[in-house]
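Visitor:
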Amino acid sequence: MKLRRSGRSPTGQGRGRDGSLRATHRTEQGRRIARGGRGWRGWRALVGRWHMTPVRAAAMLGLLASAGAMYGLASTPAFTLARTDLPELHWTTPADVTYALATQNGMNLFQLRTKPIEDRLMALPAVATARVEVSLPDTIVVTIQEREAIVAWAVGDSRFLIDRDGVVFANLTAEAASAQKLPTIRDSRPSAGELVVGGRLDPVDLDAATRLASLTPADIGSVAKSLIVTVTEANGFVLVPVPRAWIAVFGLYTPTLRTPELIPGQVRLLRSLLAGRENAVAKVILADSDSGTFIPKATPAP
Numbered sequence: 036m037k038l039r040r041s042g043r044s045p046t047g048q049g050r051g052r053d054g055s056l057r058a059t060h061r062t063e064q065g066r067r068i069a070r071g072g073r074g075w076r077g078w079r080a081l082v083g084r085w086h087m088t089p090v091r092a093a094a095m096l097g098l099l100a101s102a103g104a105m106y107g108l109a110s111t112p113a114f115t116l117a118r119t120d121l122p123e124l125h126w127t128t129p130a131d132v133t134y135a136l137a138t139q140n141g142m143n144l145f146q147l148r149t150k151p152i153e154d155r156l157m158a159l160p161a162v163a164t165a166r167v168e169v170s171l172p173d174t175i176v177v178t179i180q181e182r183e184a185i186v187a188w189a190v191g192d193s194r195f196l197i198d199r200d201g202v203v204f205a206n207l208t209a210e211a212a213s214a215q216k217l218p219t220i221r222d223s224r225p226s227a228g229e230l231v232v233g234g235r236l237d238p239v240d241l242d243a244a245t246r247l248a249s250l251t252p253a254d255i256g257s258v259a260k261s262l263i264v265t266v267t268e269a270n271g272f273v274l275v276p277v278p279r280a281w282i283a284v285f286g287l288y289t290p291t292l293r294t295p296e297l298i299p300g301q302v303r304l305l306r307s308l309l310a311g312r313e314n315a316v317a318k319v320i321l322a323d324s325d326s327g328t329f330i331p332k333a334t335p336a337p
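Put into structure tokens, the structure is as follows:
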């Protein structure tokens, strides 16, 4: 059997520099060293070269200097909170805003995290958006945009303000609600008692209410001064003129079977049923946009 020219014998031995045979152990580390010299000594030399690179050394010194500067700023008394600028708000009290801020004069502004504060402000019912900014050396500036009411929802003596997303964000007195000049929906259903500030109005109810509350007497060909929208357990949404002469029953709406999309057709139908006979009509029932009937007022006895 011929030996290979690599210098290794069939027994796993190789020749040393003096020509003598020696044992050779080809471990994985040995193979790495043989291929590129990347054993422990190779890696140590590589790391050593990395530390000795001037650019990397300068970068490391910069990071250390920045860390030291931040530590100094976070511990210095020069940048402590002394003033909080709050906006003028309509539906949110300063006490609620102060409680949500949870900040104290004297705290270091470099340790202040604004995102948690903004989240707490956004949790207030009347707050639509909130932003907190640090103004050095000693001030934080709070910017708040409140929700805008599109309808008032009357339940008993309560007047809830509802925004376009259906959020119930304030509860006002009847006088204050009237001062806002908002269309008011009077809801006498038992389920309306569950409405609270911070909750949400049913989307279907909100859609139907905004459609009906936007109607004017001219839209239905009426001579009334104004229109009132009510919701009852028995009849659903009902339109009543002021002064009261008749009622129009629009009914209850659902997300799929009987949606508020029926309302424009029902309004056209109501207009046709009132035309030329408004003084003689007592009640109009609008089953859908095509089917409706009216009940005439009783003829007074001669």
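Counting in this note's numbering, the sequence shown runs from 36 upward without gaps.
Positions of the beta carbon are idealized from the N, C-alpha and C atoms, including for glycine.
(1) What is the DSSP secondary structure of E153, reduced to helix, strand or coil?
(2) For V284, I'd like the list of residues in its chain whose CB is within less than 6 Å of its CB, leaving aside the five on either flank, ordered along the chain.
(3) Considering only the beta carbon of each residue, do L309 and G228 sit closer than 9 Å?
(4) Quick check on S307: does DSSP put it in helix, strand or coil?
(5) Can you tell me the Cα-Cα spacing of D237 and V169, whole angstroms?
(6) Taking the alpha carbon of L171 as the point to measure from, which residue in I185, V264, P290 and T119 has its own alpha carbon closest?
(7) In the DSSP assignment, find the alpha helix (DSSP H) that holds V239 and state where it starts and stops.
(8) Is S324 helix, strand or coil by DSSP?
(9) With distances taken Cα to Cα, identify the nearest neighbour of G327 among A333, R306 and A315.
(10) Thinking just about the alpha-carbon of each residue, which of T219, T251 and E268 is nearest to the one in L260?
(11) With 16 other CB atoms within 10 Å as the buried threshold, where does Q301 fall?
(12) In terms of residue numbering, what span does the beta strand (DSSP E) encompassing L207 cover?
(13) Would you mind stating whether I298 and R246 have Cβ atoms separated by less than 9 Å?
(14) Considering V176, what are the terminal residues of the beta strand (DSSP E) in which it resides?
(15) I need the DSSP call for R276, collapsed to helix, strand or coil.
(16) Reducing DSSP to helix, strand and coil, say where E268 ends up.
(17) I need the boundaries of the beta strand (DSSP E) containing A187, first residue and last residue.
(18) Based on Cα-Cα distance, which residue from P295, A315 and A322 lies nearest to L304?
(19) What span of residues does the alpha helix (DSSP H) with D131 cover, start to end?
(20) Based on DSSP bridge pairs, tell me the residues matched to I197.
Guide: Taking the geometry as given:
(1) helix
(2) N270, V273 and I320
(3) no
(4) helix
(5) 39 Å
(6) T119
(7) P238 to A248
(8) coil
(9) R306
(10) Inspection of the sequence shows that residue 260 is occupied by Lys rather than by Leu. Considering only alpha carbons, the answer is T251.
(11) buried
(12) V203 to L207
(13) yes
(14) T174 to E181
(15) The sequence shown places Pro at residue 276, rather than the Arg named in the question. Three-state result, P276: strand.
(16) coil
(17) A184 to V190
(18) A322
(19) P129 to L136
(20) V186 and V203
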